[in-house]
Ligand SMILES: NC(=O)c1ccc[n+]([C@@H]2O[C@H](COP(=O)([O-])OP(=O)(O)OC[C@H]3O[C@@H](n4cnc5c(N)ncnc54)[C@H](O)[C@@H]3O)[C@@H](O)[C@H]2O)c1
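In the working numbering, the protein residues as written are 283 to 716.
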């Protein structure tokens with residue numbers, strides 16, 4: 283234990299989970315070194331820069347990051363060996379990207395090998411990444427044991443899948459119950475003890491790595507399937523002239539019904555990937571995941587449906603049309619556009635020949651079709667399609683939107699039900715809900 287600090291922690295992966303998790307540990311008086319292979323990201327973080335949209339007790343993550351850097355309780359590095367020198371608690375948040383429907387173990391394998399190279403007797407390795415069931419035992423343990431040390435005997439090995447939602451990371455690290463498993467009871471207890479430094483919520487012991495791995499996946503898949511259910515319904519209610527969001531609200535007044543909200547598709551790292559992590563295990567076992575696969579198909583078809591709705595409303599041929607895309611994030615009030623359905627809507631519209639100007643106040647400016655303001659996106663466009671809720675897209679602003687749009691036959695395709703209860707609909711403006 284370091285003087286003045288509870289624990290010395292090394293967090294591997296400084297992404298949407300790793301960076302706020304590192305800072306959560308420092309706020310709980312641990313000293314943290316964050317390790318990432320992305321040298322540009324490490325430099326940015328050490329300069330106090332991050333594009334994450336997180337806050338803790340009203341303080342933005344940017345402020346917390348700068349404060350913890352200044353206090354000397356946090357720093358980032360690309361040098362795993364140096365980071366491991368002092369740390370006894372090693373937390374892994376490196377994920378498994380899905381490429382062509384298959385999980386890519388490359389980044390995780392690289393991370394575990396770099397940990398094995400500096401692992402010491404008595405260390406705890408706690409993995410928080412979402413995994414293919416069986417991976418803790420079949421991939422993580424053997425790779426760490428390349429160190430010459432044995433899990434359970436020489437070092438502790440735990441698995442506690444991360445459950446936070448981006449945008450609520452700091453709050454949920456503290457309040458979300460955590461499922462904890464270990465190679466043995468001692469490892470599970472060590473992992474739970476580390477987590478209890480930051481969490482006030484329950485730590486639920488799982489009897490095996492596999493139970494924890496599958497529990498994490500079915501949490502995500504249950505949301506994917508739930509969203510597919512209402513997305514499929516919305517295809518039908520659309521033809522009946524009924525608002526799906528209203529139907530969901532009415533149905534959810536039943537005490538045992540908890541429908542989710544429809545939307546332009548399901549994006550991000552977590553929900554769509556979960557099926558692809560479970561699928562290889564099911565294939566090996568000869569089990570057909572019929573319902574889960576169908577849900578993926580329904581949700582993957584949504585961007586095409588949204589794009590088709592836009593194309594039907596155009597007052598001019600697609601090659602002469604311009605549309606404003608509002609919201610590029612994969613979910614509301616987020617800066618994360620990874621695997622965002624909005625990007626797929628844009629691709630479909632561009633394929634059809636439309637010119638696109640997209641605005642999202644939180645997503646960093648990385649796409650060629652992005653513009654810096656709502657006005658620039660709307661100005662002269664034939665219509666707008668809203669794909670994520672963000673500040674500025676409120677119903678009060680719709681009159682101003684209408685003023686910027688081309689007056690010939692302006693329209694808004696609203697996938698978020700923002701404009702359902704407009705007191706006054708600007709003259710000539712059509713609002714269509716998906
Ligand atoms: N984003 C979420 O809200 C969320 C929520 C719950 C669980 N998860 C899970 O947590 C994990 C991390 O997700 P994320 O969104 O933070 O991913 P991310 O892509 O934002 O971050 C991962 C980081 O790991 C780094 N990395 C890659 N290889 C490395 C290596 N060898 N050593 C050190 N760093 C390396 C990458 O450069 C990247 O910065 C995933 O398994 C994900 O499924 C994410």
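Don't be surprised by glycine CBs; every beta carbon is placed ideally from N, CA and C.
- Per DSSP, reduced to three states, the secondary structure at residue 389 is helical.
- Annotation: residue 359 is outside any alpha helix (DSSP H); the continuous beta strand (DSSP E) that includes it extends over 356 to 359.
- Taking the CA atoms as reference points, residue 367 sits about 23 Å from residue 299.
- Out of 359, 356, 323, 306, the CA that lies nearest to the CA of residue 338 is found in 306.
- Linking residue 606 to residue 315 through their CA atoms gives a straight-line distance of about 42 Å.
- DSSP places residue 396 in the helix class (H, G or I) of the three-state scheme.
- In terms of Cβ geometry, residue 544 and residue 621 do not form a close pair [threshold 8 Å].
- Ranked by how close their Cα comes to the Cα of residue 355, the residues 290, 711, 520 have 290 in first place.
- Looking at the DSSP output, residue 342 sits in a beta bridge with 337.
- Residue range 526 to 533 is occupied by the alpha helix (DSSP H) that includes residue 528.
- Beta-bridge partners of residue 712 (DSSP): 693.
- Set against 7 Å, the gap from the CB of residue 294 to the closest heavy atom of ligand 1 is smaller.
- Counting other Cβ atoms within 10 Å of its Cβ, residue 411 reaches 16 or more and is therefore classed as buried.
- Pairing residue 483 with residue 457 gives a Cβ-Cβ distance under 8 Å.
- Here the alpha carbons of residue 533 and residue 667 stand approximately 27 Å from one another.
- When 563, 344, 424 are compared, the shortest CA-CA separation from residue 336 is found for 344.
- In the three-state reduction of the DSSP assignment, residue 324 falls in the helix class, which pools H, G and I.
- Beta bridge pairing from DSSP links residue 464 with 440.
- For the set 372, 319, 348, the Cα lying nearest the Cα of residue 359 is the one of 319.
- The Cβ-Cβ distance between residue 615 and residue 377 does not fall below 8 Å.
- Residue pairing by DSSP leaves residue 587 without any beta bridge partner.
- Runs of the beta strand (DSSP E) lying entirely within the stretch 293 to 321 and spanning at least 3 residues, in chain order: 313 to 317.
- A distance below 6 Å between beta-carbons, with the five flanking residues on each side excluded, links residue 510 to the following residues of its chain, in chain order: 577, 580, 581.
- By the CB criterion at 8 Å, residue 469 and residue 421 fall outside the cutoff.
- The way I'd put it, the stretch 667 to 681 doesn't touch the stretch 519 to 527; fewer than three beta-carbon pairs between them come closer than 8 Å.
- Counting only runs that start and end inside the stretch 597 to 641, the beta strand (DSSP E) elements of at least 3 residues fall at 604 to 608, 637 to 641.
- Apart from sequence neighbours up to five positions away, no residue of its chain approaches residue 329 with a beta-carbon distance below 7 Å.
- Your pair residue 415 and residue 499 checks out as a contact, with CB atoms roughly 7 Å apart and the cut at 8 Å.
- Distances from the alpha-carbon of residue 635 to those of 593, 648, 657, 665 put 593 closest.
- With fewer than 16 other CB atoms across the displayed protein chains lying within 10 angstroms of its CB, residue 388 is exposed.
- Under the three-state reduction of DSSP, residue 688 is assigned to coil, being neither helix nor strand.
- Burial state of residue 572 is exposed, judged by a 10 Å Cβ sphere holding fewer than 16 other Cβ atoms.
- Shown here for residue 663: same chain residues with a beta carbon closer than 8 Å to its own, the five before and five after excluded, namely 604, 605, 606, 639, 686, 687, 688 in chain order.
- Measuring C-alpha to C-alpha distances from residue 492 to each of 443, 478, 455 identifies 443 as the nearest.
- Counting the other CB atoms within 10 Å of its CB gives residue 619 a total of 16 or more, which places it among the buried residues.
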